[in-house]
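Here is the structure we will look at, set down as structure tokens.
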Amino acid sequence: MKSALKISHQKHKMKKGKQAGLVIFTIHSLIIPHNNSDIYQIEWKRGDNKGYTEKLIPQDSAVLFEKRFRCNATFYISSDLKARPKILTIKALRFDASNNKPKIIGKLYLDITIFLPASGPLTSTFTLDSPHKKKPTINMTTEVKIMDSMAAIKSSLATDPSFSSLSEATSLTEDHESEWDLSSAASDETNEMIKSFFNEQHQKKEKYDLDLKNFMREHAKKNVRKAALKSPPVKKRDRAFSDSENDGKMLNAFFASQEKRSKNRSKFSGVFLTYQTALNLTKFVLSYSWCQSPVFKTNEFPKPASAIYASLIHTQLLNSSAMSDSYFEPISDVFFKILNEKKVVQNGTIQDNFIVLVHLIALLNIPRHFDINRLTFFNTKLYELAQQSFLELIENFIENFEEFFAEISKMDFDVEKVIQIFSKELQQINQITDFPKYFIDYLIKHLICSIDSKLVDSMIQNPIFCTFSNAMRWNSLITMMTNELKVDFPMFKQANSVIMMSQGICNEPQLCEEVAYNLPKNAILKILKNQAPDEFIFQANNTLNFIDYYLDDCKTECNCFNAPNFEGLGEMVSLINTSQWKFIKFSDQDLSNFSFLKEIFYPLNV
Numbered sequence: 263m264k265s266a267l268k269i270s271h272q273k274h275k276m277k278k279g280k281q282a283g284l285v286i287f288t289i290h291s292l293i294i295p296h297n298n299s300d301i302y303q304i305e306w307k308r309g310d311n312k313g314y315t316e317k318l319i320p321q322d323s324a325v326l327f328e329k330r331f332r333c334n335a336t337f338y339i340s341s342d343l344k345a346r347p348k349i350l351t352i353k354a355l356r357f358d359a360s361n362n363k364p365k366i367i368g369k370l371y372l373d374i375t376i377f378l379p380a381s382g383p384l385t386s387t388f389t390l391d392s393p394h395k396k397k398p399t400i401n402m403t404t405e406v407k408i409m410d411s412m413a414a415i416k417s418s419l420a421t422d423p424s425f426s427s428l429s430e431a432t433s434l435t436e437d438h439e440s441e442w443d444l445s446s447a448a449s450d451e452t453n454e455m456i457k458s459f460f461n462e463q464h465q466k467k468e469k470y471d472l473d474l475k476n477f478m479r480e481h482a483k484k485n486v487r488k489a490a491l492k493s494p495p496v497k498k499r500d501r502a503f504s505d506s507e508n509d510g511k512m513l514n515a516f517f518a519s520q521e522k523r524s525k526n527r528s529k530f531s532g533v534f535l536t537y538q539t540a541l542n543l544t545k546f547v548l549s550y551s552w553c554q555s556p557v558f559k560t561n562e563f564p565k566p567a568s569a570i571y572a573s574l575i576h577t578q579l580l581n582s583s584a585m586s587d588s589y590f591e592p593i594s595d596v597f598f599k600i601l602n603e604k605k606v607v608q609n610g611t612i613q614d615n616f617i618v619l620v621h622l623i624a625l626l627n628i629p630r631h632f633d634i635n636r637l638t639f640f641n642t643k644l645y646e647l648a649q650q651s652f653l654e655l656i657e658n659f660i661e662n663f664e665e666f667f668a669e670i671s672k673m674d675f676d677v678e679k680v681i682q683i684f685s686k687e688l689q690q691i692n693q694i695t696d697f698p699k700y701f702i703d704y705l706i707k708h709l710i711c712s713i714d715s716k717l718v719d720s721m722i723q724n725p726i727f728c729t730f731s732n733a734m735r736w737n738s739l740i741t742m743m744t745n746e747l748k749v750d751f752p753m754f755k756q757a758n759s760v761i762m763m764s765q766g767i768c769n770e771p772q773l774c775e776e777v778a779y780n781l782p783k784n785a786i787l788k789i790l791k792n793q794a795p796d797e798f799i800f801q802a803n804n805t806l807n808f809i810d811y812y813l814d815d816c817k818t819e820c821n822c823f824n825a826p827n828f829e830g831l832g833e834m835v836s837l838i839n840t841s842q843w844k845f846i847k848f849s850d851q852d853l854s855n856f857s858f859l860k861e862i863f864y865p866l867n868v
């Protein structure tokens with residue numbers, strides 16, 4: 263048994279005698295030497311207790327179980343505070359199509375007294391015993407707790423019959439050779455090596471049994487010598503309470519202890535994951551389809567956002583005391599790379615991706631003991647992705663207004679028809695159900711702003727549009743849309759005013775500060791240059807005065823006009839109600855693939 267981590271043996275104050283303990287361990291992952299599509303499972307046994315993980319397929323040679331177990335164990339502590347060995351047996355099983363029964367690929371005998379006592383959960387990587395040259399490893403977190411309610415048991419080590427007994431399944435058991443997976447060993451290793459492995463297993467069992475007998479014999483002798491030196495004390499019965507009162511006190515203490523344990527079960531206990539386990543879990547969570555499109559349903563928090571946030575809590579990626587910067591940086595790079603691949607929603611749309619991102623940002627705003635620098639880094643990256651996703655969303659909706667743009671570009675467009683087309687598209691957006699209502703309001707606000715910018719851009723890109731007669735018709739259209747639809751295009755209106763007052767602006771450039779105060783000076787210059795003569799303006803504009811007056815602003819030519827950055831994302835996030843993030847209905851398949859979800863979402867059922 264090899265441990266990748268040094269285990270602290272700092273002794274807390276322990277009492278000799280029999281002490282009841284609670285063993286809590288989480289099996290994070292099994293690393294197999296060769297990647298394949300077979301099914302794997304972990305089986306364990308401790309005394310009369312036993313259990314097993316789900317059957318899972320490896321992801322990049324790692325089987326991610328994330329399964330938590332509890333079992334009781336009675337510890338026997340000698341006067342010199344040595345504990346009798348307690349073995350937790352762990353088997354790694356492989357299922358393939360050629361065998362009806364699973365085969366053992368590795369086995370671990372773990373003496374859990376090495377964790378007694380410890381200051382908290384300890385994460386270790388163990389190499390399993392195996393006849394294969396390349397051996398599997400298991401990553402797990404273990405904690406042993408002495409139960410305070412049972413610490414006062416005063417059974418003597420010498421007189422307690424269970425102390426000298428080899429029952430209670432403490433003796434190591436041997437698995438028959440036929441139960442082992444020897445498929446690759448038979449081809450890669452010699453028969454002598456395989457034979458040597460099973461001889462070592464047999465010798466290990468004999469050595470353990472012998473050490474256990476010597477332990478009991480030695481401490482039995484010490485107790486006999488101590489008993490000979492002094493008479494046993496006379497046991498006095500406490501008469502402060504009657505028998506019935508004593509029974510009542512014991513019963514109340516029992517129920518109080520039960521209530522305390524019940525409350526403690528609802529608290530999530532932090533587990534420190536290794537780098538590889540945290541990395542593999544991050545990849546798996548972000549590559550998993552948590553739901554189908556649409557991700558948003560009324561009164562339900564988006565499942566992918568809750569699952570991703572829960573994984574950040576479980577891996578403690580944002581906790582600098584649990585994960586070093588050298589681990590955080592590569593894992594966070596992988597996190598954002600896969601998140602940007604948009605795999606968490608099956609058949610997901612741009613809307614789905616945006617909904618997941620903003621709800622994840624909202625969850626990160628919940629007060630929690632995250633490292634402030636890491637939290638700031640994550641928020642910044644998520645805001646960038648959300649901003650990009652929102653702009654993609656706007657572009658996607660603008661495509662629905664192509665008929666509006668085509669109609670308004672006609673020299674003799676029908677004002678009523680243009681308003682009708684625009685109103686119809688706006689109404690369809692208002693009826694979208696896979697968006698929260700307050701999202702729709704922000705979407706429409708920025709969509710109109712983007713359409714406004716696109717109309718100005720069409721004037722910059724197409725000189726044929728820049729005529730006095732067009733500007734008058736467009737100005738009339740804008741006024742009617744403002745009155746009937748409460749829709750305003752301020753920048754498009756200012757661009758039209760530049761054309762209608764072009765002669766005055768060319769003579770007195772400072773007039774543009776009143777006429778087109780939102781437009782950049784190089785955009786105004788471009789429109790003035792584009793303006794073509796018509797029945798109202800008989801000659802091209804002379805822009806020399808304007809260029810001289812705004813020389814610094816006009817050094818760069820304006821070839822396009824982009825919409826301003828959307829500033830309302832933070833306000834939109836602030837409207838999200840995060841109180842429902844834990845009320846998520848996960849499928850049995852979800853819980854089977856990600857057992858850490860039970861710890862966070864259903865702690866009382868763990």
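Those letters in the sequence shown? Residues 263 to 868, by our numbering. Yeah, the Cβ is synthetic: ideal placement off N, Cα and C, and Gly gets one too.
Can you give, in chain order, each stretch of the beta strand (DSSP E) that sits fully within the stretch 333–388 and has at least 3 residues? 349–357 and 365–373
For Val208 and Leu790, which I take to be in contact (beta-carbon distance under 8 angstroms), what is that distance rounded to the nearest angstrom? Residue 208 cannot be examined here, being either before or after the span of the chain that is shown, 263 to 868.
Beta-bridge pairing of Lys307 - partner residues as DSSP gives them: Lys312 and Thr351
On the premise that Lys353 lies in contact with Met316, defined as a C-beta separation below 8 angstroms, what is that separation, rounded to the nearest angstrom? Note on identity: in this sequence residue 316 is Glu, with Met being the wrong assignment. That pair is no contact at about 15 angstroms.
Compare the beta carbon distance of Gly348 and Thr385 with 8 angstroms and say whether it is the shorter of the two. Reading off the sequence, residue 348 comes out as Lys, not Gly. In this structure, Thr385 does not lie closer than 8 angstroms to Lys348 by Cβ.
With Gly279 as the anchor, note down where its beta strand (DSSP E) starts and where it stops. Gly279 to Ile293
Exposed or buried, what is Phe798 when buried is set at 16 or more other beta-carbons lying within 10 Å of its beta-carbon? exposed
Among the residues of its own chain, which have a CB less than 6 angstroms from the CB of Phe754, if the five just before and after it don't count? Asp714, Leu717 and Val718
Let me know if Ile786 comes out buried or exposed under the rule of 16 or more other beta-carbons within 10 Å of its beta-carbon. buried
Quick check on the DSSP output: what are the complete beta strand (DSSP E) runs of length 3 or more inside the stretch 776–850, in order along the chain? none
Could you compute how far the alpha carbon of Tyr302 sits from the alpha carbon of Leu831? 45 angstroms
Cβ distance (whole Å) where Arg332 is taken to contact Ile286 below 8 angstroms: About 5 angstroms separates the beta carbons of Arg332 and Ile286, which is inside the 8 angstroms limit, making them a contact pair.
Sufficient close CB pairs (3 or more, under 8 angstroms) joining the stretch 605–614 to the stretch 536–555: yes
How should Leu806 be labelled, buried or exposed, when 16 other C-beta atoms within 10 angstroms of its C-beta is the threshold for buried? exposed
Quick test of the definition: if touching needs 3 or more C-beta pairs under 8 angstroms, does the stretch 767–776 touch the stretch 697–714? no
If you draw a straight line from the alpha carbon of Gly313 to that of Lys307, how long is it in whole angstroms? 7 angstroms
Using the beta-carbon count (16 or more within 10 Å), is Gln851 buried or exposed? Looking at its Cβ environment, which holds fewer than 16 other Cβ atoms inside 10 Å, Gln851 is exposed.
Can you round the beta-carbon distance between Ile289 and Pro320 to whole angstroms, since I take them to be within the 8 angstroms contact cut? Not confirmed; about 14 angstroms, so no contact.
Does the Cβ of Met402 have 16 or more other Cβ atoms within 10 Å, making it buried, or fewer, making it exposed? buried
Environment of Thr539 [buried if 16+ CB atoms lie within 10 Å]: Label assigned to Thr539: buried.
Buried or exposed by the 16-neighbour rule on C-beta atoms within 10 Å, applied to Cys822: Here Cys822 is exposed. Its C-beta has fewer than 16 other C-beta atoms within 10 Å.
CB Leu579 to CB Phe590, shorter than 8 angstroms? yes
As assigned by DSSP and simplified to three states, the class of Tyr550: Shown here, Tyr550 sits in coil according to DSSP, grouped into three states, outside any helix or strand.
Ala324, DSSP secondary structure in three states: DSSP places Ala324 in the strand class (E or B) of the three-state scheme.
Which of the three DSSP states, helix, strand or coil, is assigned to Lys396? coil
Given a cut-off of 8 angstroms on the beta-carbon distance, is the pair Thr577 and Leu625 in contact? no
Is Asn635 buried or exposed, if buried means 16 or more other CB atoms sit within 10 Å of its CB? Asn635 sits exposed, since fewer than 16 C-beta atoms from the chains shown fall within 10 Å of its C-beta.
Under a three-way DSSP split, which group does Glu770 fall into? Three-state DSSP puts Glu770 in coil, outside helix and strand.
Write down the C-beta distance between Tyr704 and Met834 rounded to the nearest angstrom, noting that I regard them as a contact closer than 8 angstroms. 5 angstroms
So who's on the other strand from Lys407, going by DSSP bridges? Leu284
Can you give the Cα-Cα distance for Ser583 and Arg630, rounded to whole angstroms? 14 angstroms
Would you check if there are 3 or more beta carbon pairs closer than 8 angstroms linking the stretch 838–853 to the stretch 558–571? yes
Glu562 - DSSP class collapsed to helix/strand/coil: Glu562 sits in a strand when the DSSP states are folded into three classes.
Would you identify the three-state DSSP class for Gln650, choosing helix, strand or coil? helix
Segment limits, alpha helix (DSSP H) that includes His621: Ile612 to Leu626
How many Å lie between Ile862 and Ala282 at the Cα? 27 angstroms
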